[in-house]
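Novice: Have a look at this one before I ask anything.
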Amino acid sequence: MKRTRKSWVAIMSALLIASSVIGACSNGNNKPEASPAGSAGESTPSSDNASASPAGFQLGSQPLKFSMYGNYDWLTLDPWADDVSTKWIQDNLKVTIEPVQSGGAAQQKFSTMLATDDLTDVILLDRGPDVEKLRQAGKLVPLDDYYNKYPNFKKWMGDETINMLRSSDGHIYQMPNWYTTSANGNAGYLINRKVYKELGSPTLETFDDLYAYLQKVKATYPDMVPLETDVEAQGVQILTSGFAEGYSPSWPGTNRAVPADGKFVSIFTDPVFNETMKYASKLFREKLMTQDTLTEKKEQVFEKLTNGKVAVFTAYSVLENQINSANTLMRKNDPESGYEVIWPVHKEGVNKDKVYPNSYNRLGWNVNVITTAAKDPEAIFAFMDWLTGPEGMSTLYFGPKGKYWSEMDENEYPVLNDAWFNTPLEEKDKDKLGRWAWVGNTTYLDTMKMANNAKMEPEQVQWPDTQQSAVTWKTSQDLTAFINLMPAGDSEAGIAKTAVDEIFKKYYAQALFAKSDEEVDAILKKAEDEAMSQGYQKLLDYETEAWQNNLKQMAGQ
53 MKRTRKSWVA IMSALLIASS VIGACSNGNN KPEASPAGSA GESTPSSDNA
103 SASPAGFQLG SQPLKFSMYG NYDWLTLDPW ADDVSTKWIQ DNLKVTIEPV
153 QSGGAAQQKF STMLATDDLT DVILLDRGPD VEKLRQAGKL VPLDDYYNKY
203 PNFKKWMGDE TINMLRSSDG HIYQMPNWYT TSANGNAGYL INRKVYKELG
253 SPTLETFDDL YAYLQKVKAT YPDMVPLETD VEAQGVQILT SGFAEGYSPS
303 WPGTNRAVPA DGKFVSIFTD PVFNETMKYA SKLFREKLMT QDTLTEKKEQ
353 VFEKLTNGKV AVFTAYSVLE NQINSANTLM RKNDPESGYE VIWPVHKEGV
403 NKDKVYPNSY NRLGWNVNVI TTAAKDPEAI FAFMDWLTGP EGMSTLYFGP
453 KGKYWSEMDE NEYPVLNDAW FNTPLEEKDK DKLGRWAWVG NTTYLDTMKM
503 ANNAKMEPEQ VQWPDTQQSA VTWKTSQDLT AFINLMPAGD SEAGIAKTAV
553 DEIFKKYYAQ ALFAKSDEEV DAILKKAEDE AMSQGYQKLL DYETEAWQNN
603 LKQMAGQ
C-alpha cells in the first residue's frame, strides 16, 4: 500500500508522543468522567476490565500469542518484548505479538495473503477499500459484542464515533488507532528565533508580512533558506489554510478536491488553491523559497534545520522528534537560538482565528482488524481494549508501574515521580518508551499530559508541549465528516483517483515553477481539462456521496 501523506502526519504525531512526555491534543475539558484508579503493577487486567466483563477473557490467566501485519510499504513493526513496556506485558500478562513485515511491498503481500487465505491474526491498515475486501471475503471477525463487553474503547470513544466504524452490513469489524475527542496536530509555521530577533522581530501575521520578512532574510543572510517547505513542497499546501476561513490543506493534499455547497468540486478551478499557487510561485521564482523543494530528502531538510539555516519552516509536522532535538541542541549552545511556532499566517481580511493548518478526525489514523485466522479473537480484543485504556497507555508510554510512577490519581493518570523528571532523556531513551505505537488513545494521553504539565515548573515542560498548547492544537479543526472518502482502487472512482493524483503532482510542480500569474492560470486550466478527461467527475461524485453518507451516519440516520 502506498503511504498517504495524511497517514504519515498522523503517525508522526503519534511517534512524537514518546519523546515529548505524551501525545497531541488540546485541553482537559473533553475528558470522560473519571473512574476508579487502576493498578498498572499487577499481572491481571484493571479492576474496571475485570468487573465489566467477569465472564470475558482475563489478561494473564493464560498465554495469548497472535501475529500482526502492518499493511504499509514504509512500516516496520517493532519487535515485541524489545522494550521495557512490552517485555513487562509479555512476562506479566503472558501476551506475545509476532510482527509480520511488508518487506516494502505491502499491497502485493496483502493481495497474496488474501488470495491464499494465509492471513495474520491482526492486520493494521487504512480504513476503506482493503478493509472492505476482507469483509466481503468473509475474513473479518465482527466485534460488536466485544465493544459492549469490554470497557475502554466504548468509554473513551463514545457510541457516535464507534458507529462511524460500522460497515454496510451493520456490523463493526474495526478498532481505531489514535482516536480522539479533542483537537490535535503538529502542522504550521516555525521561525528561527535568533534570526527573527536580529531582524527586529517584525509583525508576521499576513502573507504580505511574510513576503517582506523573507525578502529581508534573503538580503541579510545570503547563505540561509528564507522559507523551507519540506519534501514535495508539502509546506505550500499548508499555505492554503490562510487564504480562506476554514480551508483545510487536506483538500489539495489528500482529497484533490474541495467541498462547496454540499458537494466536492475541482481543486484545479478552486480560487483559494489558485491564489495559493500564485503566491508560492512568486516566492519560488524570487528565490525566497527553497529551490529544491520537490527533490530534497527528509534528511536534507533536517540538516538545514539542525544547522540553523532556515528562517521560516512550514510543514505538516513542524514538531517532529528530530526538529525537537535540533531545537534542544541549538538552545543549549545559544539560548537565543532555536525555533518557535507562530500563529498561522493569513490573507488580509481573513479571520486569524479561523485559519486551520491542522485537522483531526475522531477515528484517528487507521485501524486494526481481527481476521478469521485468529484462534481466540475475543482475547485479542480484550488485550487491545486494555492497551487503549489508562493502564495500557501508561505502561506503554511511562513503563511498568514502579520506576517512573507508582500510583494513579483520581482521573487514572499516572503520578510521575522524581525519577521521571531527574532521569536524563538519553537514559530514558534506553527504555524505548512509546516504541510500540500501533494502538493509541490520544484523548487520554493528551489530557493526562496537560494535567501533568500543569504541575510542573515552566522550565520542566518540554518544548513540543508548549508549542502544541499555545498554537498547533488551537489551530485544528474537526474533519471527521470527511473520513472514508477513498474509493476502491479497481472501481471507476478509484481508477480516476490514481490518475488525478498523478495529474495533480505534475501540474502542482509546473504551477510552482511558473514565471507569472498568467502562467499559473494556464497550467491549472490544463490540469482541469486533463483530469476531467480521466474521469475526475466520477471521483468528485464518489467523494460527495461518501461525505453526505458520513453526515447522515453521524446524525444517527
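My numbering puts the sequence shown at residues 53 to 609. Positions of the beta carbon are idealized from the N, C-alpha and C atoms, including for glycine. Note that the coordinates shown come from a computational prediction; the quantities given were computed from them, not determined experimentally.
#1: THR532 and ASN420: beta carbons closer than 7 Å?
#2: DSSP three-state call for SER253: helix, strand or coil?
#3: Among all the DSSP beta bridges, which residues are the ones paired with TYR391?
#4: Determine the closest residue to SER528 out of ASP483, TYR368, ILE319 and LYS246, with distance taken between C-alpha atoms.
#5: Counting only runs that start and end within the segment 255 to 282, where is the alpha helix (DSSP H) found for 4 or more residues in a row?
#6: Assign LEU217 to one of three DSSP states: helix, strand, or coil.
#7: Less than 8 Å between the CB atoms is what I'm expecting for PHE144 and ASP182, so what's the real figure, rounded?
#8: What three-state label does DSSP hand TYR449 in the structure shown?
#9: Does DSSP classify ASN602 as helix, strand or coil?
#10: Which same chain residues, not among the five before or five after ASN326, have their C-beta less than 8 Å away from its C-beta?
#11: Using only alpha-carbon positions, find the residue among GLY287, THR168, LEU346 and VAL310 that is nearest to GLY298.
#12: Give the range of the alpha helix (DSSP H) segment to which LYS480 is assigned.
#13: Start and end of the beta strand (DSSP E) containing TYR465?
#14: Buried or exposed: where does LYS604 fall if 16 or more other Cβ atoms within 10 Å of its Cβ makes it buried?
#15: The alpha helix (DSSP H) with TYR231 in it runs from where to where?
#16: Could you work out which residue in MET538, ASP178 and VAL370 is closest to PRO228 when comparing CA atoms only?
#17: Output the distance between the C-alpha atoms of GLU280 and ASN200, rounded to the nearest integer angstrom.
#18: Classify TRP515 as helix, strand or coil using the three-state DSSP reduction.
#19: Threshold first: 3 residues or longer. Then list the beta strand (DSSP E) segments lying entirely within the segment 274 to 343, N to C.
#20: Hey, how far is the Cα of LYS191 from the Cα of ALA425?
#21: Buried or exposed: which applies to GLN286, given that a residue is buried once 16 or more other Cβ atoms fall within 10 Å of its Cβ?
#22: What would DSSP say about GLU150, mapped onto helix, strand or coil?
#23: Label ASP221 either buried or exposed according to how many other C-beta atoms from any shown protein chain fall within 10 Å of its C-beta, with 16 as the threshold for buried.
#24: Output needed for ASN215: all residues of its chain with C-beta closer than 7 Å, excluding positions within five of it in sequence on either side, in chain order.
#25: Comparing C-alpha positions only, which one of TRP126, ASP542, ARG383 and GLN142 sits nearest to GLY156?
#26: Is there contact here, the segment 262 to 278 with the segment 326 to 344, by at least three beta-carbon pairs under 8 Å?
#27: For the segment 584 to 602 against the segment 310 to 322, do three or more pairs of beta-carbon atoms, one drawn from each stretch, fall closer than 8 Å, so that the two count as touching?
#28: Just to check my reading of the structure: ASN536 and ASN602 have Cβ atoms closer than 8 Å, yes? What is that Cβ distance to the nearest angstrom?
#29: Which runs of the beta strand (DSSP E) at least 3 residues long sit entirely within the segment 108 to 135? Give them in chain order.
#30: If you reduce the DSSP assignment to three classes, tell me which class TRP490 lands in.
#31: Beta-carbon within less than 8 Å of TRP490's beta-carbon, same chain only, minus the 5 sequence neighbours each way: which residues are those?
Specialist: Checking against the coordinates, here is how it stands:
#1: Taking the C-beta atoms as reference points, ASN420 is found no nearer than 7 Å to THR532.
#2: coil
#3: According to DSSP, which records beta bridges pairwise, TYR391 is partnered with ASN244.
#4: The residue with the shortest Cα to Cα distance from SER528 is TYR368.
#5: 259 to 272
#6: coil
#7: Residue 144 is actually Asn in this sequence, not Phe. About 34 Å separates the two Cβ atoms, so there is no contact after all.
#8: Helix at TYR449.
#9: Look at ASN602 here: in three-state DSSP terms it is helix.
#10: VAL572, ASP573 and LEU576
#11: VAL310
#12: 477 to 481
#13: From DSSP, TYR465 is part of no beta strand (DSSP E); its letter is neither H nor E.
#14: exposed
#15: First-last for TYR231: undefined, no H or E at that position.
#16: ASP178
#17: Each residue's CA atom was taken as its position, placing GLU280 and ASN200 some 48 Å apart.
#18: helix
#19: Correct list: 277 to 280, 309 to 312 and 315 to 318.
#20: If you take the alpha carbons of LYS191 and ALA425, they lie about 8 Å apart.
#21: buried
#22: For GLU150, the secondary structure class from DSSP, reduced to helix, strand or coil, is strand.
#23: exposed
#24: GLN605
#25: The candidate whose alpha carbon is nearest that of GLY156 is TRP126.
#26: yes
#27: yes
#28: 7 Å
#29: Unbroken beta strand (DSSP E) stretches of 3 residues or longer found wholly inside the segment 108 to 135: 116 to 122, given in chain order.
#30: Annotated three-state conformation of TRP490 is coil, per DSSP.
#31: The answer, listed in chain order, is MET120, GLY122, LEU129, LEU176, ASN229 and ASN420.
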